[in-house]
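Colleague:
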Amino acid sequence: MTNLLTADPPPDTLARRIGRIALGLSLVFAGIGHLTFSREEFQAQVPDWFPVNEDVTVLASGAVEIALGSSLVVLSRRRVAVGLVAAAFFVVIFPGNIGQWLEHKDGFGLDTDAKRFGRLFFQPVLVAWALWSTGAFKALRTSRD
Numbered sequence: 059m060t061n062l063l064t065a066d067p068p069p070d071t072l073a074r075r076i077g078r079i080a081l082g083l084s085l086v087f088a089g090i091g092h093l094t095f096s097r098e099e100f101q102a103q104v105p106d107w108f109p110v111n112e113d114v115t116v117l118a119s120g121a122v123e124i125a126l127g128s129s130l131v132v133l134s135r136r137r138v139a140v141g142l143v144a145a146a147f148f149v150v151i152f153p154g155n156i157g158q159w160l161e162h163k164d165g166f167g168l169d170t171d172a173k174r175f176g177r178l179f180f181q182p183v184l185v186a187w188a189l190w191s192t193g194a195f196k197a198l199r200t201s202r203d
């Protein structure tokens, strides 16, 4: 696995580059929102069972999103590793989305169980977006050969 993380990434395409930069900028924007203008909305998404203070959780996840988003934009030579980390991040925060649905918490216009449930299907899209746009899907396939 070390070779996969440190090897040169597969050739980039314009579509992947645009997708990677768009995802990165979206993460930076969301991270800034965690720290500033959307802080309360993000606090509503922290599940009641999570053992860390809501505000600390929101601030920490915002910092991680800014770091990941910035890395997606500027670390093109390490984009496979960053893509794998970003995909893992989206998997790790998924229980928070499930918690929002199960605990009936409103946030970001998700004010019905149907809307909160529908959002759950977007998380796999983010995982796939991170893996595709960074070439991680391709790198994973070729590392098994």
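The numbering used here puts the first residue of the sequence shown at 59, with every later residue one more than the last. Glycine residues also receive a C-beta, built at the ideal position from the N, C-alpha and C atoms.
Can the beta-carbon of A78 be found closer than 8 Å to that of T170?
Modeller: Start at 1 with the first residue of the sequence shown, and residue 78 comes out as number 20. Start at 1 with the first residue of the sequence shown, and residue 170 comes out as number 112. Inspection of the sequence shows that residue 78 is occupied by Arg rather than by Ala. Cβ distance not < 8 Å, so R78 and T170 don't count as in contact.
Colleague: Count Cβ pairs between the stretch 112 to 130 and the stretch 79 to 88 that sit closer than 8 Å; are there 3 or more?
Modeller: Yes: at least three Cβ pairs fall under 8 Å.
Colleague: Quick test of your reading: G165 and A102, contact by CB under 8 Å. State the CB separation rounded to the nearest angstrom.
Modeller: The sequence position of residue 165 within the sequence shown is 107, counting from 1. The sequence position of residue 102 within the sequence shown is 44, counting from 1. 4 Å between Cβ atoms; contact.
Colleague: I need the straight-line Cα distance from E190 to L142, nearest angstrom please.
Modeller: Residue 190 sits at position 132 when you count from the first residue of the sequence shown. Residue 142 sits at position 84 when you count from the first residue of the sequence shown. For clarity, residue 190 is Trp in the given sequence; the question names Glu instead. Spanning the two alpha carbons is a distance of roughly 10 Å.
Colleague: Taking all protein chains shown into account, decide if M59 is buried (16 or more other Cβ within 10 angstroms of its Cβ) or exposed.
Modeller: Indexing the sequence shown from 1 puts residue 59 at position 1. Caution is warranted here: a pLDDT of 49 is assigned to M59, below 50, making its placement in the model unreliable, and no coordinate value can be reported.
Colleague: Please name the residue in A197, I76 and L72 whose C-alpha comes closest to that of A139.
Modeller: On the sequence shown, position 81 is the one that residue 139 refers to. Considering only alpha carbons, the answer is A197.
Colleague: From the beta carbon of F148, is the nearest beta carbon of chain D less than 8 Å away?
Modeller: The structure shown contains no chain D, having only a single protein chain.
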